[in-house]
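This report concerns only the one structure given below.
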Amino acid sequence: MTSLDTDTNTGTGTTTEPVAGRVAADATDRARRIGALRDAAHRIRRHALDMGEVQGQGYIGQALGVADILAVAYKDVLNHRPDEPEWPGRDRFLLSIGHYAIALYAALAEAGVLDVEELATYGSDESRLPMSGMASYTPGMEISGGSLGHGLGVAAGMALGLRHQGSPARVYNLLSDGELDEGSTWEAALACAHHGLDNVTAVVDVNALQADGPTAGVLRTEPVTDKWEAFGWRAIRVDGNDIEALVTAFDTLRAHRGSPSVLVCDTRIGRGVPLLETREKAHFMRVEQHEWQVARDQLAQNRHSTRKGTDA
Ligand SMILES: [Mg+2]
């Protein structure tokens with residue numbers, strides 16, 4: 361007899377009926393959890409489009425691509441206090457790709473760290489939301505990114521410090537597939553494995569594109585998962601636009617002990633907005649004035665179609 365049988369067999373019925381009931385309840389809870397995260401990802405995308413319109417251009421495609429990862433991170437994974445961004449016990453989320461700041465601001469608004477109204481100041485003079493992420497400007501922005509390849513090294517130092525203090529807090533680093541070109545990333549990967557930093561999880565956004573063109577053409581990094589494993593990391597690869605797969609993977613890695621872990625996420629630039637998914641110059645997008653409303657309409661339509669049958 362399993363512990364589940366023991367817990368649920370109250371003597372008022374057969375063992376199988378209560379177990380089946382609990383399984384059904386768990387499935388319903390999970391469906392609600394996934395549905396709520398899909399809603400959060402939608403709002404992050406919508407915020408990113410609204411911010412992008414302020415400037416008329418920017419790293420919109422990346423923001424739409426990582427929205428699902430950020431929704432799961434900020435609404436389901438991270439232990440943090442939205443009204444106390446510097447709480448010492450918080451999990452750290454390091455954005456080494458500073459140009460993804462638009463995505464992180466959207467997520468911070470969704471998480472309650474920033475007010476949604478403040479997003480309208482994005483990239484403006486005197487705003488706390490500069491176009492590239494800077495720790496001294498923005499609550500919840502842990503590091504200043506943009507000079508690529510430094511996030512994982514900072515994560516290693518933070519994780520060592522937290523372990524020294526006996527803190528259970530974890531350190532996450534969102535980096536891009538372009539950052540896998542940087543030698544400093546792999547030095548940090550060695551250091552994390554050497555020190556057995558199982559409080560570090562790297563999240564790699566593999567959108568197959570970087571500033572100079574398709575990643576495969578600039579510098580081949582595949583097979584990405586094999587490389588991390590060769591460096592002593594526990595690695596999982598998922599569709600980074602599949603909320604359910606992300607939840608399962610983050611749950612698995614949170615429980616992993618003995619080595620650092622990495623979640624390799626295949627994402628699609630412009631995800632959720634076909635107009636932008638198919639744009640040729642996708643790294644830094646110029647979106648015409650009349651296209652923003654089209655993008656919002658497409659996002660709304662796509663939300664409806666992708667939610668069908670999933671949130672019952
Ligand atoms: Mg990339």
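To convert, take the position in the sequence shown, counting from 1, and add 360; that gives our numbering. A virtual CB, placed ideally from N, CA and C, is assigned to each residue, including glycine. No experiment lies behind these values; they were computed from the predicted model shown.
Have a look at residue i and residue j and give me their C-alpha separation to the nearest angstrom.
| i | j | result |
| --- | --- | --- |
| R441 | T481 | 23 Å |
| S544 | G449 | 28 Å |
| D558 | L424 | 29 Å |
| H407 | A466 | 5 Å |
| V414 | R488 | 15 Å |
| A495 | S504 | 5 Å |
| N662 | I404 | 14 Å |
| H524 | A590 | 27 Å |
| G526 | W447 | 15 Å |
| R594 | A548 | 15 Å |
| L550 | L535 | 16 Å |
| I420 | L508 | 19 Å |
| Q737 | V379 | Shown here, the chain extends from 361 to 672; a query on residue 737 therefore has no answer. |
| A469 | H643 | 24 Å |
| D475 | D565 | 26 Å |
| G648 | A427 | Checking the displayed sequence, the identity of residue 648 turns out to be Glu instead of Gly. Cα-Cα distance, rounded: 22 Å. |
| T608 | A562 | 16 Å |
| I603 | A433 | 11 Å |
| N439 | M411 | 27 Å |
| A605 | H650 | 35 Å |
| V652 | H402 | What sits at residue 652 in the sequence shown is Trp, not Val. Those two C-alpha atoms are separated by around 16 Å. |
| D386 | I596 | 24 Å |
| G573 | I629 | 13 Å |
| T362 | G416 | Reliability of the predicted coordinates at T362 is poor, the pLDDT of 34 falling under 50, and the value obtained from them is presented with this limitation in mind. One C-alpha to the other measures close to 59 Å. |
| K668 | E486 | Legend: pLDDT at K668 = 40, less than 50; position of this residue unreliable, value from coordinates given subsequently. Taking the straight line from one Cα to the other gives about 42 Å. |
| D626 | E502 | 24 Å |
| G556 | T575 | 30 Å |
| A515 | A471 | 22 Å |
| K677 | K641 | The structure shown does not extend to residue 677, since the chain is modelled only from 361 through 672, so no value can be given for it. |
| G371 | D389 | Any reading at G371 must be qualified, since the residue scores a pLDDT of 40, below 50, and its modelled position is unreliable; no value is offered. |
If the criterion is Cβ atoms closer than 8 Å, does the pair residue i and residue j meet it?
| i | j | result |
| --- | --- | --- |
| V578 | A519 | no |
| V531 | L540 | no |
| F610 | V437 | yes |
| N533 | S456 | yes |
| P490 | G483 | yes |
| R656 | L479 | no |
| V654 | L623 | no |
| G513 | L454 | no |
| G592 | A553 | yes |
Quick one: measure Cβ to Cβ for residue i and residue j, integer angstroms, because I've assumed they're closer than 8 Å.
| i | j | result |
| --- | --- | --- |
| G493 | G458 | 4 Å |
| Q570 | G538 | 3 Å |
| L659 | V633 | 5 Å |
| L430 | A463 | 6 Å |
| A400 | K435 | 5 Å |
| A391 | D451 | Not really, about 26 Å apart at Cβ, beyond 8 Å. |
| G418 | M645 | 7 Å |
Report yes if the C-beta of residue i is less than 7 Å from at least one heavy atom of ligand 1; otherwise report no.
| i | result |
| --- | --- |
| Q525 | no |
| N601 | no |
| L636 | no |
| L540 | no |
| S536 | yes |
| L424 | no |
| Q570 | yes |
| T581 | no |
| N439 | no |
| N533 | no |
| T575 | yes |
| D565 | yes |
>> Check whether the stretch 387-395 and the stretch 612-625 are in contact - that is, three or more C-beta pairs closer than 8 Å.
In response: Contact between the stretch 387-395 and the stretch 612-625 is absent, because fewer than three Cβ pairs lie under 8 Å.
> Are the stretch 633-645 and the stretch 579-596 touching, with three or more C-beta to C-beta distances below 8 Å?
Replying inline: The answer is no - the stretch 579-596 does not touch the stretch 633-645, with fewer than three Cβ pairs under 8 Å.
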